[in-house]
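*Asks:*
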Amino acid sequence: MSRTNKFVKWSLIGVAGIIVLLVAFGWWIMSLVAPPDPSAENLPNVLPNSLSYLTENPVLKRGKILAVVTSAGSFESTGKKTGYELTELSLAYYVFEANGFEVDIASPQGGEPPMVLDDEDMGAFDYAFLNDPLAQRKAKSTIVMDSVNIEEYDAIYFVGGKGAMFDFPESKAIQQAIQISHEKGKVIGAICHGPAALVNVKLNDGTFFLKGRKVSSFTNREELFLIKDARDLFPFLLQDKLIENGALFSEGAMYLENVIADGNLITGQNPWSTWGVAEAMIKQLGYEPKKRQKTDAENAVLVLNAYEKQGYKSAKKVIEDLKFGEKELINRNLIAMHAVVSAMRWEISKGFGIIGLLWHAKSLS
Numbered sequence: 009m010s011r012t013n014k015f016v017k018w019s020l021i022g023v024a025g026i027i028v029l030l031v032a033f034g035w036w037i038m039s040l041v042a043p044p045d046p047s048a049e050n051l052p053n054v055l056p057n058s059l060s061y062l063t064e065n066p067v068l069k070r071g072k073i074l075a076v077v078t079s080a081g082s083f084e085s086t087g088k089k090t091g092y093e094l095t096e097l098s099l100a101y102y103v104f105e106a107n108g109f110e111v112d113i114a115s116p117q118g119g120e121p122p123m124v125l126d127d128e129d130m131g132a133f134d135y136a137f138l139n140d141p142l143a144q145r146k147a148k149s150t151i152v153m154d155s156v157n158i159e160e161y162d163a164i165y166f167v168g169g170k171g172a173m174f175d176f177p178e179s180k181a182i183q184q185a186i187q188i189s190h191e192k193g194k195v196i197g198a199i200c201h202g203p204a205a206l207v208n209v210k211l212n213d214g215t216f217f218l219k220g221r222k223v224s225s226f227t228n229r230e231e232l233f234l235i236k237d238a239r240d241l242f243p244f245l246l247q248d249k250l251i252e253n254g255a256l257f258s259e260g261a262m263y264l265e266n267v268i269a270d271g272n273l274i275t276g277q278n279p280w281s282t283w284g285v286a287e288a289m290i291k292q293l294g295y296e297p298k299k300r301q302k303t304d305a306e307n308a309v310l311v312l313n314a315y316e317k318q319g320y321k322s323a324k325k326v327i328e329d330l331k332f333g334e335k336e337l338i339n340r341n342l343i344a345m346h347a348v349v350s351a352m353r354w355e356i357s358k359g360f361g362i363i364g365l366l367w368h369a370k371s372l373s
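For reference, each letter of the sequence shown is one residue, going 9 to 373 in my numbering.
1. Determine, using beta carbons only, whether residue 165 and residue 197 come nearer to each other than 8 Å.
2. Note the first and the last residue of the continuous alpha helix (DSSP H) segment covering residue 359.
3. For a test of the three-state rule: what should DSSP assign to residue 343, helix, strand or coil?
4. Could you pull out every residue in the same chain whose Cβ sits closer than 6 Å to the Cβ of residue 227, ignoring the five residues on either side in sequence?
5. Check whether the stretch 289-306 and the stretch 172-191 touch, using three or more Cβ-Cβ pairs below 8 Å as the test.
6. Quick check on residue 261: does DSSP put it in helix, strand or coil?
7. At the level of alpha carbons, what is the spacing between residue 254 and residue 282?
8. Any idea what DSSP makes of residue 285, helix, strand or coil?
9. Tell me the rounded alpha-carbon separation between residue 88 and residue 56.
10. Using a Cβ-Cβ cut-off of 7 Å (strictly less than) and excluding sequence neighbours within five positions of residue 101, which residues of its own chain qualify?
11. Any contact of the stretch 111-122 with the stretch 303-313, i.e. 3+ C-beta pairs under 8 Å?
12. Is residue 277 close to the ligand GTP? I mean its beta-carbon at under 7 Å from any heavy atom of the ligand.
13. What runs of the beta strand (DSSP E), each 3 residues or longer, lie entirely inside the stretch 110-136?
14. Give the secondary structure of residue 207 by DSSP, where H, G and I count as helix, E and B as strand, and everything else as coil.
15. Report the rounded CA-to-CA distance for residue 242 versus residue 219, giving the unit in angstroms.
16. Going along the chain, which unbroken runs of the alpha helix (DSSP H) with 4 or more residues stay wholly within the stretch 88-113?
17. Cβ atoms of residue 92 and residue 78: under 8 Å apart, would you say?
18. Under 8 Å, do residue 172 and residue 204 count as touching if we go by C-beta distance?
19. What is the C-beta distance between residue 224 and residue 272, in whole angstroms, given that I count them as a contact (C-beta under 8 Å)?
20. Provide the residue span of the beta strand (DSSP E) that contains residue 267, from first to last.
21. By Cβ distance, which residues of its chain are closer than 7 Å to residue 221, with the 5 residues on each side in sequence left out?
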């Protein structure tokens, strides 16, 4: 056999060996992901009165909170559909309700706004919201912002969703609601793309509302990772615009909880910050948030944030401190997704660390 043929032969054997190793490694990784939960089949039928967080130890009515969603249903340049994120409304809605606050829902145009629903991220509270007649009446016949009397509300909460980038910044009614809320000492909350409502707000002296304020929002890294041409599709990148108009921007780890409180202004970086923003708003209103059991996704984010901030050993301890029983307490699929994101960003060492945490979580489940 010629030297060339030998080289080709061994090259093919080497490539085949690498493919086998990659397949075996991928198979092993898949074995660490949690199997489908049989009870998940019943999630679409969940009703609000079946959630103990909402039914046990009810809180007397304390006031009202206004949730604001986008009316923009598509990207202006491409026509691709968008809207508000269901999860960023539903989770906050029930935190507010469980803590004694009636919630009204408004939008720049009123009526039924466009909603974005991600099947993979749907949980019990999302389905409960879809099966809640009162919540659905409010969500499908939102109050037009021009007719809102902000004086009636103790707080205002801006729901995220990419549509918010198109109609929140230029809405005079939204700007006025924020101005009045600020002057009256009301709590202002915003999540993910929701802080787009803040970018053009000015105070009576002409200065930007954001000047010198600590805030967070969906970051440039998160936006550009998902949408490579985001700079062309959006009027601006939200992180850039917030900084441009005076904000002190706080950037946390990608796709993990990051809640920033600056007095009466509470902002969250992404959908995984929704629980934290809503409960921080309750605290700022002067109340201790009602106790609830954290979701498996929240526990996964807790582990991943510990890894980002304190390292592998601290994250491993967070896993071990959870009381494992028959119920899966950590969303291993979410941890696996972060390992994939790390690999796609060529953060190989970080990816292997997350896989180690995934293996440890499985070993205790």
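Note that the Cβ used here is the ideal one computed from N, Cα and C, for glycine as well.
*Replies:* In terms of the structure at hand:
1. As a first step, residue 165 is located in the sequence shown; it is residue number 157 there, counting from the start. As a first step, residue 197 is located in the sequence shown; it is residue number 189 there, counting from the start. In contact: residue 165 and residue 197 (Cβ atoms closer than 8 Å).
2. Here residue 359 is taken as the residue at index 351 of the sequence shown, counted from 1. Per DSSP, residue 359 belongs to the alpha helix (DSSP H) from 356-372.
3. On the sequence shown, position 335 is the one that residue 343 refers to. Residue 343 sits in a helix when the DSSP states are folded into three classes.
4. Sequence index remark: in the sequence shown, residue 227 carries index 219 (1-based). Counting only Cβ-Cβ distances below 6 Å, and skipping sequence neighbours, we find 247 and 259.
5. no
6. Residue 261 sits at position 253 when you count from the first residue of the sequence shown. DSSP places residue 261 in coil when its eight states are reduced to three.
7. As a working note, residue 254 is residue 246 in the sequence shown. As a working note, residue 282 is residue 274 in the sequence shown. Straight-line Cα distance between these residues: approximately 24 Å.
8. Start at 1 with the first residue of the sequence shown, and residue 285 comes out as number 277. Correct three-state label for residue 285: helix.
9. Mapped onto the sequence shown, residue 88 falls at position 80. Mapped onto the sequence shown, residue 56 falls at position 48. Cα to Cα, residue 88 sits roughly 33 Å from residue 56.
10. Your numbering for residue 101 matches position 93 in the sequence shown. Cβ within range, chain order: 75, 111, 137 and 143.
11. no
12. Looking for the ligand GTP in the displayed structure turns up nothing, as the structure carries no ligands at all.
13. none
14. Counted from its first residue, the sequence shown places residue 207 at position 199. Residue 207: coil per DSSP, three-state reduction.
15. The residue you call residue 242 lines up with position 234 of the sequence shown. The residue you call residue 219 lines up with position 211 of the sequence shown. Counting only the Cα atoms, residue 219 lies some 23 Å from residue 242.
16. 94-106
17. For this step, residue 78 is matched to residue 70 along the sequence shown. For this step, residue 92 is matched to residue 84 along the sequence shown. Taking 8 Å as the Cβ cut-off, residue 78 and residue 92 qualify as a contacting pair.
18. Walking along the sequence shown from the start, residue 172 turns up at place 164. Walking along the sequence shown from the start, residue 204 turns up at place 196. Yes, they are a contact pair.
19. Taking the sequence shown and counting its residues from 1, one reaches residue 224 at position 216. Taking the sequence shown and counting its residues from 1, one reaches residue 272 at position 264. Going by Cβ atoms, the distance from residue 224 to residue 272 rounds to 16 Å, so no, they are not a contact pair.
20. As a first step, residue 267 is located in the sequence shown; it is residue number 259 there, counting from the start. Counting along the chain, the beta strand (DSSP E) containing residue 267 begins and ends at 267-270.
21. Here residue 221 refers to the residue found at position 213 of the sequence shown. So the qualifying residues of the chain are 255, 256, 270 and 273.
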